[in-house]
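Asker: Here full-length UniProt numbering is used: the first residue of the sequence shown is 1, the next is one more, and so on.
Sharing a structure with you now.
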Amino acid sequence: MNERIKKLRRSLDLTQQEFADRIGVKRNTIANYEIGRNEPIDSVLELIVREFGVSKQWLLDGTGEMFSPAPTNGLDLLAQEKALTHGEYILIEKFVNLKPETRQNILDYIQEVAAALSAGDVPADAPAIDCRESAESLHAELDRQLGIEKKEAAGGSEAS
């Protein structure tokens, strides 16, 4: 696999650093893969496949074409065109798979926060916001909404 990683990187005309940056690892990690000192774990293989559009089968054993066929769904096409990271891909995928009402609630909340921040009407003596607490609160609300959706979906499938 080490030679195929090197061949892929060179075919993309990327340095080890550029290749590493695109998948979120260190340059020496790529160097160690290329010389055969280490092999990438499954999650890194998935990142390489998704980020560079390479065929997983080719990467694993050298069979088939180096690059996967062109994406067939809109999200994969967007990911390829915009060079989305794995995290960005998952964020968008999870968001678009929510119920429309839940997506709208999230957008309303973001707009509300943006409006409050741009208004600049925060009193000088206002307490600092604990971002961790705010993020945890938002995460809890999203989990609650998803739980409701799952219960509704389970109830709907039982009634069928």
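Beta carbons: idealized from backbone N, C-alpha and C, even for Gly.
Predicted model, so just to flag it, every value in this text is computed and none were measured.
1. Here's a check: name, in chain order, each residue in its chain whose Cβ is nearer than 8 angstroms to the Cβ of Gly62, leaving out the five neighbours to either side.
2. Grab me the residues of Gln17's own chain with a C-beta within less than 6 angstroms of its C-beta, minus the 5 sequence neighbours each way, in chain order.
3. First and last residue of the alpha helix (DSSP H) that includes Thr85?
4. Per DSSP, which residues does Phe67 bridge with? Please list them.
5. Kindly list the residues whose CB is nearer than 6 angstroms to the CB of Ile92, restricted to its own chain and excluding five residues on each side of it in sequence; keep chain order.
6. Among Ile30, Gly36 and Arg37, which has the Cα closest to the Cα of Val44?
7. Restricting to Cα atoms, I'd like to know which of Lys82, Ile90, His139 and Arg50 is closest to Ile106.
8. Alpha carbon to alpha carbon, how far is Asp125 from His86? Give it in angstroms, no decimals.
9. Closest by CA to Asp76, which one among Glu101, Arg50, Phe95 and Met66?
10. Any idea what DSSP makes of residue 212, helix, strand or coil?
11. Can you tell me which of the three DSSP states residue 163 falls into?
12. Output the distance between the C-alpha atoms of Lys99 and Glu149, rounded to the nearest integer angstrom.
13. Under a three-way DSSP split, which group does Arg37 fall into?
Answerer: In short, the structure shows the following:
1. Within the same chain, Gly62 has close Cβ partners Arg4.
2. Same-chain partners within the cutoff: Arg27.
3. Taken as a continuous stretch (DSSP letters only), Thr85 belongs to no alpha helix (DSSP H), as it is neither H nor E.
4. Per the DSSP secondary-structure output, Phe67 pairs in a beta bridge with Val54.
5. If we look at Ile92 and ignore the five residues flanking it on each side, it has no Cβ neighbours.
6. Nearest option by C-alpha distance: Ile30.
7. Taking only the C-alpha atoms, the option nearest Ile106 is His139.
8. About 40 angstroms.
9. Residue Arg50 is the option with its Cα nearest to Asp76.
10. A question about residue 212 goes unanswered here, because the residues of the chain that appear run from 1 up to 160.
11. Shown here, the chain extends from 1 to 160; a query on residue 163 therefore has no answer.
12. Whole-angstrom Cα-Cα distance: 8 angstroms.
13. Three-state result, Arg37: coil.
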